[in-house]
Amino acid sequence: MEILSDEMLIDTYQTAVNLDLEPDFLQLLLAEINRREITAECSLVGA
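Residue numbers (our numbering): 6 to 52.
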């Protein structure tokens with residue numbers, strides 16, 4: 006997970022939600038987002 010940039014991590018999470026992927030995968034991504042302390046404001050950068 007550390008290889009992904011913050012922007013790519015957020016994009017991956019949003020895509021996974023839109024595709025209704027496995028909840029365990031979404032939780033894994035969300036845990037990494039929280040670990041990095043990425044805020045909602047940061048996730049809007051580049052949107």
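Every residue, glycine too, gets a C-beta built ideally from N, C-alpha and C.
Kindly indicate which three-state DSSP category A52 falls into: helix, strand or coil? Because the pLDDT of A52 is 46, which lies under 50, any placement of that residue in the model is unreliable, and the number read from its coordinates should be weighed accordingly. In the structure shown, A52 sits in coil (DSSP, three-state: anything other than H, G, I, E or B).
Distance check for D29 and E7, CA to CA, integer angstroms please. 18 Å
Within a Cβ cutoff of 8 Å, which residues of the same chain sit near T17, ignoring the five residues on either side of it in sequence? L9 and L34
Is Q32 helix, strand or coil by DSSP? helix
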